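The next block holds one structure in the form of structure tokens; read it before the comments.
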């Protein structure tokens, strides 16, 4: 499958005609036209295709933007996703050796205000229990989707990073109570192995942590920079980082062996070569 992790186009606009043209341009690309005939396409959005940099619940054109997003993905006009508020959804891929469930989160539509940062940081964490990333309806949906999953692997896609918390940009750690809530759900999801995928940062990196009483580590694979890379990146603290940051054009590959329950995480460069790789065996 192919997963769009957000910032799929760079619209940054209230003008839905402009946004529609940009999606049309993306959709006409020969390589992408070929791709959609070969593999399933799943997607979430981030701020730049949502419509405004760092925007959340306050963006006035979010409903119109959502319909264009669903048009881009060829979602049928009679789909329930057309009536739903937000672009979150899930899909199960079944094989003879086990299943993979992909949960796509919407970290834009319901996300409440961020706290302006100090000391050169754009944002800093909100007070504990202040605000939300997913909103009540999506949290209820995610609780059901995650805790009831019996797939060998459940891959959770978030447009913003879940683990990395020292930097001053958008991240789950700006809502620390939401991180704790997510970890609590993962602990309750005893019949599956959870993997996190994220984007947004124009860098690629692996972040890894342990959750008490969970028999495997949580890995957040940040892969972003397919066409936009933070080439001037020098350094940034991330206590959960494994390996080093890739700041060149890159994309991520996740290989899942359902027989051995081995996951291989790869950052790949423009020529497809492996820039960095980690492996994890799951119970």
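Residue numbers (the numbering used here): 16 to 298. Glycine included, every Cβ here is placed at the ideal spot set by N, Cα and C. Every value quoted in this text rests on a predicted model; they were computed, and no experiment measured them.
{"query": "Own chain, CB closer than 8 angstroms to residue 166, minus 5 neighbours either side, in chain order", "result": "107, 113, 114, 115, 116 and 207"}
{"query": "Buried or exposed by the 16-neighbour rule on C-beta atoms within 10 Å, applied to residue 60", "result": "buried"}
{"query": "Nearest candidate by alpha-carbon position, reference residue 71, set 130, 55 and 109", "result": "130"}
{"query": "Beta-carbon proximity list for residue 82, same chain, < 8 angstroms, skipping 5 on both sides", "result": "97"}
{"query": "CB of residue 21 within 8 angstroms of CB of residue 174, strictly", "result": "yes"}
{"query": "Residue 293, DSSP secondary structure in three states", "result": "strand"}
{"query": "Residue 197: first and last residue of the uninterrupted alpha helix (DSSP H) it sits in", "result": "191–203"}
{"query": "Sufficient close CB pairs (3 or more, under 8 angstroms) joining the stretch 88–95 to the stretch 132–147", "result": "no"}
{"query": "Runs of alpha helix (DSSP H) lying entirely within the stretch 126–210, each at least 4 residues, in chain order", "result": "150–162 and 191–203"}
{"query": "In DSSP terms, what residue 238 is bridged to", "result": "219"}
{"query": "Residue 104 (DSSP reduced to helix, strand or coil)", "result": "strand"}
{"query": "Reference residue 232, options 217, 251, 257 and 219, closest by Cα", "result": "257"}
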